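When we follow the working numbering, the leftmost residue of the sequence shown carries the number 3, and every step to the right adds one.
Please read the structure below before turning to the comments.
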Amino acid sequence: MSNNVSKLISNTLSLNKVTYKPPSFKDGFPFWVKPGDRKLLQTPSPASRANIVVAKDGSGNFKTIKEAVTAASKRSGTGRYVIYIKSGTYNENIELGTKLKNIMFLGDGMGTTIVTGSRSVGGGSTTFKSATVGNLINPAGWMEWSGNFALNTLYYAEYANTGPGSSTANRVKWRGHHVLTSATDANKFTVENFLAGSSWLPTTGVPFTPGL
Numbered sequence: 003m004s005n006n007v008s009k010l011i012s013n014t015l016s017l018n019k020v021t022y023k024p025p026s027f028k029d030g031f032p033f034w035v036k037p038g039d040r041k042l043l044q045t046p047s048p049a050s051r052a053n054i055v056v057a058k059d060g061s062g063n064f065k066t067i068k069e070a071v072t073a074a075s076k077r078s079g080t081g082r083y084v085i086y087i088k089s090g091t092y093n094e095n096i097e098l099g100t101k102l103k104n105i106m107f108l109g110d111g112m113g114t115t116i117v118t119g120s121r122s123v124g125g126g127s128t129t130f131k132s133a134t135v136g137n138l139i140n141p142a143g144w145m146e147w148s149g150n151f152a153l154n155t156l157y158y159a160e161y162a163n164t165g166p167g168s169s170t171a172n173r174v175k176w177r178g179h180h181v182l183t184s185a186t187d188a189n190k191f192t193v194e195n196f197l198a199g200s201s202w203l204p205t206t207g208v209p210f211t212p213g214l
């Protein structure tokens with residue numbers, strides 16, 4: 003009897019399963035992209051709208067991103083501030099802090115404007131599919147927000163990390179922490195599947211990688 007009931011419930015749930023439909027966006031942009039930002043992304047040369055230009059060869063306002071960020075922190079007003087970073091490899095680790103807001107970084111494209119000082123970079127080579135974790139990372143990997151708050155309902159995941167600190171053997175044992183080993187699972191968090199990026203990013207001209 004119970005087996006038959008289980009089958010009936012299972013069949014009913016299968017019939018009522020809702021299939022995921024990627025969202026469609028008016029004019030190719032999500033609602034949270036403001037009209038002014040849309041114009042900036044659609045302009046043939048967004049760099050021409052930059053407030054400051056960074057260029058290693060000295061052809062811009064500054065040679066380092068850090069100098070540009072310092073200048074931006076002294077600006078008057080709170081409007082969008084665009085920092086255009088020309089092609090090149092910048093060995094910097096940039097921190098904006100919490101007080102510096104509404105800053106937009108604009109480069110010449112993936113693999114062209116490279117900031118190797120990122121904590122997700124190892125051996126001077128950028129990584130797009132994973133993070134290179136150094137041995138300065140605590141083996142536990144994560145810290146609580148506030149005691150036991152949200153430890154069972156949060157979702158933290160790691161996938162294909164490399165480096166001395168990438169081992170997950172001694173990671174936190176929270177219910178919300180996940181170690182992804184399947185490309186199928188990791189694909190759920192790509193630009194294509196998580197942001198429906200292919201439906202709106204192409205109109206911006208911004209280079210992106212849809213999958214892993």
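Note that beta-carbon positions come from the ideal geometry of N, C-alpha and C, so glycine has one too.
Bear in mind the structure is a predicted one, so any value in this text is a computation, not a measurement.
Beta-bridge partners of L108 (DSSP): Y86.
The Cβ atoms of R40 and F33 lie no closer than 8 Å to each other. Short of 7 Å from the beta carbon of G213, and not among the five residues preceding or following it, lie these beta carbons of its own chain, in chain order: N189, T192, E194.
Contact between the stretch 106 to 119 and the stretch 137 to 151 is absent: fewer than 3 CB-CB pairs across the two stretches fall below 8 Å.
DSSP places E160 within a strand segment (E or B) once states are collapsed to three.
Per the coordinates, the alpha-carbon of A49 lies some 21 Å from the alpha-carbon of L102.
When E160, A57, E97, T91 are compared, the shortest CA-CA separation from T72 is found for E97. In the structure shown, F33 adopts coil according to DSSP, grouped into three states.
The bridge partners DSSP lists for I54 are I85.
Secondary structure of V208 (DSSP, three-state): coil. Note that the C-beta distance between K88 and A57 is below 8 Å.
Comparing C-alpha distances from Y83 to each of V174, I54, F151, A159 shows the shortest one belongs to I54. By the Cβ-count criterion, L138 is exposed, with fewer than 16 other Cβ atoms from all chains shown falling within 10 Å of its own Cβ. Beta-carbon to beta-carbon, S184 and V135 are separated by about 20 Å, too far to satisfy the 8 Å threshold. Per the C-alpha coordinates, the member of N93, S47, T80, S200 positioned closest to T66 is N93. Under the three-state reduction of DSSP output, I96 falls in the coil class, being neither helix nor strand. Per DSSP, I139 lies in no alpha helix (DSSP H) and is assigned neither H nor E. Judged by their CB atoms, N163 and P141 are not nearer to each other than the 8 Å cut-off.
Taking 8 Å as the cut-off, the Cβ atoms of G207 and L42 do not count as close.
Using a Cβ distance threshold of 8 Å, Y161 and H179 do not count as a contacting pair.
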